[in-house]
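The structure under discussion appears below in the form of structure tokens.
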Amino acid sequence: MVFEASRIRTPNAAKVDLEYENFFNKKRTLFKNPEWKLPDISKAFSSGEYNFEDQDDSSIIEMSELLSEVLDKYLSNDFKDMAQNVSLNSSIVKFLKYEFKDIGVTRNWVKGFEILSTFPLIKSGTLNTIHSGDAHGGFINALNHYLHQNFENVNWNWKAFCENPYYEGSTTSKIFNDRFISNTLEHWNFGVDFTGDIETVENIDFFSRKSQEMGNIDLAFTIDCPLVDLEYDYRIRFAGIVASLKALSKGGNAVILLGHNNLFYSRYISLMYFLVLAFEKVHILNPATHPYTLTECFVVAMNFQKSDIIEQYIETMKLKVDLDSWESGPLFPQDIIPKDFLVQINQCANLITNGLISDIKLVLLYYEKPENEISKKRKFILKTIPQKFMKKFKIKEIAKEKYLIQDINLLKAVNRTKESLDLQFCRNQQCNLTAETLSELVEWPYEVEETSILNLNPVELCLEYGKPIDRILKTMFVCPASMFFYAFLIEEECKASLFSSFPKGEVSCVFDDSISIIYEYQQHFGNAEKTFFFSIFEKWIELKPKKVYFKNVLFLTHFSVSFLRILAQFYESIKVNMNGIIVLENRLPQNVDSNLIDDLKTHFEKSFDFIMCLINLKILKEGKFFELILNYNSQLIKHYVIELVQQFVALFDKKSKEWKLISPEECFQGSEYSFQSLQILKEQLNSVKSQLNNYAIEEWHQHTSQRNPGKAVPSWNWRASTLNPYYEGNSLNMITDDRLLLYTLENWIFAKDFTGNIMCTKNIKEINEECLKMGSIDLVTADGSIDCTETPDIQEEVVFNLKYSEICAALNMLSEGGSFVIKVFTLFEACTVSVLYLLNCIFKEVSVFKPATSSCGNSEVYVKMLEKVDETFISTPIFPIEAIPKEGLVKWPYSSSSINFCSLGTAIEIEIVTCKAIDNVLNSKFIGFELLKHIRKEIENNFGKSLFSYFTKDPIEFGADNKKIMFKMKDSFGKSEKDFFQQILLFLRKHKPEKVYLRNFIFLTHFSVSLLRILAAVFEDLWFTDSGDIILDKCKHSEWNVLNSVECEENIFSFLDIKILHKNDFNEALTNFNDQLLFRFIENALITIEKNLSLA
């Protein structure tokens, strides 16, 4: 690939070369003071958690707080999408993947190659390496390329350890794609229990023993995925480091992945101190090729000084892995850590943190000001960095046969883990074909007809042993995996097993249409499965049936699928009916291998409970047999899910005749109570949610908006209420698309205070009165919610006051015989259960259902109520509830030039809308770029100071005829704004100037925007400039009287009809102006923050 350099306008060459060098110079060496010594082993784990607030180097904790409160807030999914296009990593990966035609080139590949080329870790092509984590093989592939490129004779042995994607008894959230593992399976070790759990002493010892069978270990990589939860993050990284150090030989080197924020915590700092003492040299590197959305750094430790005391420490550390390393506290107490070591850690943290701030500013600038000189230089660097990267690190092509994995048919992609892969594909249909997501573009070609395979080839026994499976938490043998994931959540909700949904006898195995073996459901899945298949095996040996018939049997584990595969090779054909039938027909006695049967019988008798798989894992996941089982399971599990859901719904359809509505006087008289069985279910559900990554949580609690606005049907009378998105005092901002509101604004009711807040008795009464003006109310729907992304474990409690308010409003307005539909979130708490009981007494029919189109895993369910029969209901006071706003990202096509409007017209009708006085602007419909709103809010919340106070160089002012009126920020923005414009109005009425300007004022409220629109009618020209000025020129004195009819009173929301302010080019130009000015305000704030950081 060669770039057409002649078409690229080259920036200043010297500056660009300097920037290239800065990219590759983000590293520090931790120097070892000769006086530093390892303390006596009795000091290890002898103190609890501590921080550095009382130390001279308290800047460590200050920097940690700054990052957690501000910088991490920028790393939203919206920011990640933007940063992806500016990152050097993406540009280099695309180039090298194309250049080498190597599907193993990933983000970790380029980081790994950079590390290997930067430090002298490898002296020859003969070496032994170990790898903890790195399931996708990025670093392993990079090492393979580096060795074959730089050494003629390569004698490389390696072993790797990670969570086992093939063990059904544990969840896998990190391994989205197992194509690398499945193609290099002989190098992977999953421990003595087959789980791949690094947090057990037995597995660490097993991995160390197996690794050292290769000989001396020269290099260890610990590349465990960064996690959000600090405690789990530390436990995994700590265990990985211990396992690597235990196996590493004296004189060996190590590469360890850490998160940048790990450098701020005592556990990691004490661990870093141990590494400095255990190795001759330790470096910290922030690779040039790291994505801007991953806050990571690498520890490169060289020349392991293995000794008796270091081995003693490693053994002590290993024992803490099983006992929960987080609870054990830091490795060393605070008084052991030298001050001069903390100074070096602080310098490393400064380097990485300042780099993060620069990256964030660069991304924002690149999108906001693409024609800026810095942005243009960045474009040039993005185009040229791949070749610079190749040249700097001398990367050359190697022979294709040297690749660890060869080309794979990615559209087939049978070699992969499907849980997260399928969920990713469902969420992002615009997958990036250049990254590791290539194999996510999989759509399984389901067969609906009966399918057969003839004369399967014999396979040999290759047993895998492990920890017995208590419950299936994942499976390789269902696609899409979201179907099994959905079934898993239903099991959690119903506290019932999927396998118990079919009546007894419906799941069975039949020999020659006469002898049946019934699947007996048990709480412990492993026992039930093994008992069932062991009974089949014994009868099969005894009867030697010519035909075996499986009915409604799900083959979800490697054990069950491998068992079926062995049986199938003794028959002429395996026939699969997609309605839950598998038939093995025409036994082939001449092919019966008696030795195989005897061996299998011997293994079953000795260690049946611990057998995980009977044949080679690689063979089991290839070919037509795998596709057939995948197809069969995927369609059968749908029937299981339907059966279980129907049973679940039936529980709520049963309505006892003894249920009676109590008198109003008896309501709210009892003490607080709960239902133990429901609390157990709640704990189980929260446990599942706590294991999800950030992306999954956001998907679970995603709230969608109306996307197809249209005009109301004339024959249909309807009214609606919601939290008013146009009221700037509302902090709830879950409405990201207000097109439906704008098209049907006359149908919406926001109550007299204009907030639309239904959690207020007064507002409920006013909304009800407006709705009843239509006549009798036949149907009420309530679909409100509160963003619980940060509090998924208490979602039901958080939204209850809102749900209760909706029920109060609905029951007070709904006519007899009317229907009601309401969305709720789980049914665990006594408050929800008691309200459901009330609704069952008031309506003839009440049912709970989960729509098929509801997001998979979302806790929402809908309660449908038909035919209201009781009019007795008294509304009660509603208590307010807090909610957290979440913004979406809308890309705005910014204009960088001034915009002029001439003669906007004088047909302005004053239509005053009043509201509750606004203290502070918490959201605004006049900002187009939502991320800017989010950043502004975070800066103000975290630093307790208005964004306007950062803008000190150029003041906010109004000017005309050498007269200036300055904007003064007071405690309340609403009062400050109205005082400012009241002074402007008084000046205009008195002087009637020909030309005026407003400088650096952001029009965030309907009040200020409507007043600007009125002023625009009084002047011929309105200019929005890119420098932050709005200019009004050529006064029309004949229209001046319109200003006499407006006064800036405290309760004024707008002087004009809201629709006028949202539906024209004036609105687009103002939004453009506001966004660019707000960006300047944020830029000033970030500069101030950066200065404070430098002082720290």
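All letters in the sequence shown, in the order written, are residues 8 to 1103 by the numbering used here. From the three backbone atoms N, C-alpha and C, an ideal C-beta is built for every residue, glycine too.
> Under three-state DSSP, which class holds ASN148?
Replying inline: Here DSSP, grouped into helix, strand and coil, assigns ASN148 to helix.
> Quick one: complete alpha helix (DSSP H) runs, 4+ long, within the stretch 374–417?
Replying inline: Listed in chain order, they are 380–399.
> Considering only the beta carbon of each residue, do ALA285 and LYS325 sit closer than 9 Å?
Replying inline: Going by beta carbons, ALA285 and LYS325 fall outside the 9 Å limit.
> Which value, in whole angstroms, describes the spacing of the CA atoms of PHE30 and ILE392?
Replying inline: Taking the Cα positions, PHE30 is about 10 Å away from ILE392.
>> Just verifying my parser: in three-state terms, what is the DSSP assignment at ASP1040?
In response: Looking at ASP1040 - three-state DSSP - the assignment turns out to be strand.
> For GLN1083, which residues of its own chain have a beta-carbon under 6 Å away from its beta-carbon, when the five flanking residues on both sides are left out?
Replying inline: Once the five neighbours on either side are set aside, GLN1083 has no close Cβ partner at all.
> Helix, strand or coil for GLU121 per DSSP?
Replying inline: Looking at GLU121 - three-state DSSP - the assignment turns out to be helix.
>> Nearest by alpha-carbon distance to LYS257: which of PRO345, GLY824 and ASP225 is it?
In response: Measuring from the Cα of LYS257, the nearest candidate turns out to be ASP225.
> What are the residues that DSSP puts in a beta bridge with MET872?
Replying inline: Partner residues in the beta bridge of MET872, as assigned by DSSP, are PHE827 and VAL853.
>> Among the candidates PHE168, LEU635 and ARG1006, whose CA atom is the shortest distance from the CA of PHE1080?
In response: Nearest option by C-alpha distance: ARG1006.
>> Less than 6 Å between C-beta atoms, sequence neighbours within five positions excluded: which residues of the same chain meet that for GLN436?
In response: Confidence at GLN436 is low in this model, with a pLDDT of 32, below 50, so its placement is unreliable and the value that follows should be read with caution. Residues of the same chain with a CB within less than 6 Å of the CB of GLN436, apart from the 5 flanking positions on each side, do not exist.
> In angstroms, rounded to a whole number, what distance separates the CA positions of SER215 and SER251?
Replying inline: Here the C-alpha atom of SER215 lies approximately 8 Å from the C-alpha atom of SER251.
> Can you name, in chain order, every residue of its own chain whose Cβ lies under 7 Å from the Cβ of ASN379, other than the five neighbours on each side?
Replying inline: Taken in chain order, the residues that qualify are LEU372.
> Counting Cβ pairs closer than 8 Å, one from the stretch 154–166 and one from the stretch 199–210, do we hit at least three?
Replying inline: Flag = no, the stretch 154–166 and the stretch 199–210 do not touch.
> By Cβ distance, which residues of its chain are closer than 7 Å to GLU579, with the 5 residues on each side in sequence left out?
Replying inline: Non-local beta-carbon contacts of GLU579 in its own chain, meaning distances under 7 Å to residues more than five positions away in sequence, involve LEU461, ASN462, GLU592, ASN593 and LEU595 in chain order.
> Cα separation between CYS1055 and PRO962?
Replying inline: Their Cα atoms are separated by approximately 22 Å.
> By DSSP, does LEU846 sit in helix, in strand, or in coil?
Replying inline: LEU846 falls in the helix class under three-state DSSP.
>> DSSP three-state label for LEU349, please.
In response: DSSP, reduced to helix, strand and coil, places LEU349 within a helical segment of the structure shown.
> Cα separation between ALA535 and MET221?
Replying inline: The alpha-carbon atoms of ALA535 and MET221 are separated by roughly 40 Å.
> Residue range of the beta strand (DSSP E) that GLU536 falls in?
Replying inline: In the DSSP assignment, GLU536 falls outside any beta strand (DSSP E) and within the unbroken alpha helix (DSSP H) covering 532–550.
>> Does any residue of chain C have a CB that is nearer than 9 Å to the CB of GLU193?
In response: No chain C appears in the structure shown, which is made up of a single protein chain.
>> Pop quiz: VAL568 and ILE636 are said to be a contact at Cβ under 8 Å. What is the actual Cβ separation, rounded to whole angstroms?
In response: Yes, VAL568 and ILE636 are in contact; Cβ-Cβ is about 6 Å, under 8 Å.
> For LEU591, which three-state DSSP category applies?
Replying inline: Here DSSP, grouped into helix, strand and coil, assigns LEU591 to strand.
> Are the stretch 789–807 and the stretch 747–762 touching, with three or more C-beta to C-beta distances below 8 Å?
Replying inline: The answer is no - the stretch 747–762 does not touch the stretch 789–807, with fewer than three Cβ pairs under 8 Å.
> Does DSSP put TYR734 in a helix, in a strand, or in coil?
Replying inline: Annotated three-state conformation of TYR734 is coil, per DSSP.
> Going by C-alpha distance, which of GLN989, GLY782 and ASN586 is nearest ASN640?
Replying inline: Nearest option by C-alpha distance: ASN586.
>> Just to confirm before moving on: does the CB-CB distance between LYS810 and THR833 stay below 9 Å?
In response: Going by C-beta atoms, LYS810 is not nearer than 9 Å to THR833.
> Counting Cβ pairs closer than 8 Å, one from the stretch 977–992 and one from the stretch 1035–1044, do we hit at least three?
Replying inline: These segments do not touch.
>> Just verifying my parser: in three-state terms, what is the DSSP assignment at ALA254?
In response: Looking at ALA254 - three-state DSSP - the assignment turns out to be helix.
> Name the DSSP bridge partner or partners of VAL517?
Replying inline: DSSP, once it has assigned bridges, lists SER523 and TYR556 as partnering VAL517.
> Using CA coordinates, which residue listed in ASP760, ILE784, GLN341 and LYS582 is at the minimum distance from ASN1058?
Replying inline: Out of ASP760, ILE784, GLN341 and LYS582, ASP760 has the C-alpha closest to the C-alpha of ASN1058.
> Can you pull the DSSP bridge partners for CYS620?
Replying inline: The partner list for CYS620 (beta bridge, DSSP) reads GLU471.
> Any heavy atom of the ligand ATP closer than 8 Å to the CB of GLY763?
Replying inline: Judged by which ligands are present, the structure shown has none, so any question about the ligand ATP falls away.
>> Mapping the DSSP letters down to three states, classify SER49 as helix, strand or coil.
In response: Residue state, collapsed to three classes: helix.
> For LYS288, which residues does DSSP report across the bridge?
Replying inline: The beta-bridge partner set that DSSP reports for LYS288 consists of MET309.
> Mapping DSSP to helix, strand and coil, what is PHE974?
Replying inline: Here PHE974 sits in coil by DSSP.
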